[in-house]
Every structure is written in structure tokens, then in C-alpha cells.
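Worksheet for the structure shown next.
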Amino acid sequence: MPQLAYVDGRMVPLRNAMIHVEDRGLQFADSLYEVCAIMNGRLLDWPGHLARLRRGLAALFIDFPMSDAALGIVARRLVAVNGHSDGLLYLQLTRGSARRDHGFPAAPSPSLIMTVRRFDFAQRVRQQATGVSVVTVNDMRWRRVDLKTTGLLANVLAKQDARAAGAFEAWLVAEDGTLREGSSTNAWIVKDGRLLTHPLSESILPGIARSALIDLARGAKIPVDERPFSLAEALAADEALLTSTTAPLLPVVRIDGQAIGTGTPGPIAARLAPLVWGEIERQTGWRA
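Per the working numbering, the sequence shown starts with residue 483, numbered consecutively.
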């Protein structure tokens, strides 16, 4: 059975899915996106993804008339017809197609695109045992990275720097030395038993996995501080972690080639991992 995509009200074979050449998402990155985990055939943290999408649409003045309930029905139907038990749902919503001009078109018709692909979440369970490495790069992104737009060129270049260095991820460092987040993940460190992550602001993306981990950690009486921290603090940390939709929780054992703590996953990561997978199982039935 061919894989299907959803494009503006129609499910079509993925190889035939198309948008207009003057779509503003293509020409201006005038669009938002979400990536939602599919585990055991169910969408993980779907209400959180919807809330972030609606917030972004309001900030970009995109009027999208489909209700959350209708969007959920379409998303779940696309997941079902593609038959992937474990995978990723990609959703992109653009301002629509119009004659190329920087200003908004007079009567835009937003365009909705969704695709589904397989993803092996079990690999993340295996990676928790060894941890991953990251490198740091200068943060060159625009000033509203809290909006999940498709303007990701700086993130793409950072991720490629990580791959060229044989690392899992690139962490982005501001001019003042503050370590903000990864190219596609949120960044965490542990010091003296306290979990630290950058506070919500226009400088980081409000990660869905980030929010979930804060709730789980506080529920387990692990102190969480949402405050800026420097690269120097990260290098001197007892542990480091990263989170994202595709990596619910991974220990970071090396930053720029330097071992963090003992150079192996630490005790806070060991406490948090079963909580994260337990919440996933509660929502979806998926077992690590």
C-alpha cells in the first residue's frame, strides 16, 4: 500500500503530494509546523502540540478555520491509513499561495500539509544506556525562535556541524555565553541534584517534551530551576540531558569532546528515564 499524505482536504499518494510554486511557506517560510510522536498507533502529547500551533498562528496572524477536533480527526485518520504503529506525524500550516509579495495577501487561504513516516523509538532506550555527545555552535537564529516556524536554516547548519563532528546534536550558545537549547532539542544540566534548563522566552522553543519533563521531575521531588546557564556551567555540570519529541530523554555525556561528570549517564537521568517512559505508556500503551 502506498504511503499517503494529506494536502488541503485530500489524502493522496505521498509521491504525488504537491503544493503551489508560490506557496508562502516555500517562498518566505511563512508557515508553522509540528512534529508529533506516534507510539502504539496513538498520538503522544497531542493537546500540547495543538496549543503550541494555535499560539503560533495567533502570533503570525494566520486565520485557520479548522477546529482542533476536526484537525485531530484528520491526523488520526492519516496515521491509521498509513498503518505505522511507531512513527512521526509532520504537520505544516502555511499562509497559503499568492503572488509573491512580502506583505500579506488580501484574502489568504491557509494550506495544511500532513505526512507520516516510521520512526524507531526503541533506539532511544538503547542510547540511554550509553548517552550521547553534543558540540556547541554560535546561535545565529532570528529573535522569535519560540514560534515553531519552518525558517530553520540556522538549525540545519548547526545540525550538520554536529554530524560532521560525529555528535548527536549541536547546542546553541548566545553571544553572552548563555547556552540556550539544541538545534532540534531542549538542553538541560544537573548540578548538586538540581535540574536546570533555560526559561521560556523568545530565545528558545517551548518544547512539549521539555514541559512534560519539568512536571515529571517536580512530581518526583527533583528540584527544577528554569534559569539561564552558561556553557562554562554546562562543562562543569554533574550531568547533562536533552529532550525532544524524537528523543524523550537522552543523557549527554560529552560536550565539545569534554566528559560531563563521570562521562557516563548519571543518577538523575536514571531516575527520570522510567518516569518519562511511564508517562508515554500511560498515554499510548507503548512500553520501553
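Note that beta-carbon positions come from the ideal geometry of N, C-alpha and C, so glycine has one too. Model, not experiment: these values are computed from the prediction.
Asked, Found
"Taking the alpha-carbon positions, what's the residue 736 to residue 661 distance?", "15 Å"
"Quick one: what's got a C-beta closer than 8 Å to residue 563's C-beta in the same chain, skipping five residues either side?", "486, 493"
"Are the Cβ atoms of residue 542 and residue 577 separated by less than 9 Å?", "yes"
"Apart from the five residues just before and just after residue 530, which ones in its own chain have a Cβ nearer than 6 Å to its Cβ?", "690"
"Could you pull the DSSP bridge partners for residue 505 from this structure?", "579"
"Whole angstroms are fine: how far does the CA of residue 720 sit from the CA of residue 675?", "8 Å"
"Does the count of Cβ pairs from the segment 630-637 and the segment 740-747 closer than 8 Å reach three?", "no"
"To which residues of the same chain is residue 580 closer than 7 Å at the C-beta, ignoring the five residues directly before and after it?", "504, 506, 587, 590"
"Tell me which residues share the same chain as residue 766 and place their Cβ nearer than 7 Å to its Cβ, disregarding the 5 neighbours each side in the sequence.", "521, 522, 524, 526"
"For the segment 711-718 against the segment 548-567, are there 3 or more C-beta pairs whose distance is under 8 Å?", "no"
"Exposed or buried, which one is residue 703 when buried takes at least 16 other CB atoms within 10 Å?", "exposed"
"Starting from residue 492 and walking both ways along the beta strand (DSSP E), at which residues does that stretch end?", "492-495"
"Quick one: grab the DSSP three-state call for residue 558.", "helix"
"Quick one: is residue 642 buried, meaning 16 or more other Cβ sit within 10 Å of its Cβ, or exposed?", "exposed"
"What are the boundary residues of the alpha helix (DSSP H) that residue 693 is part of?", "690-701"
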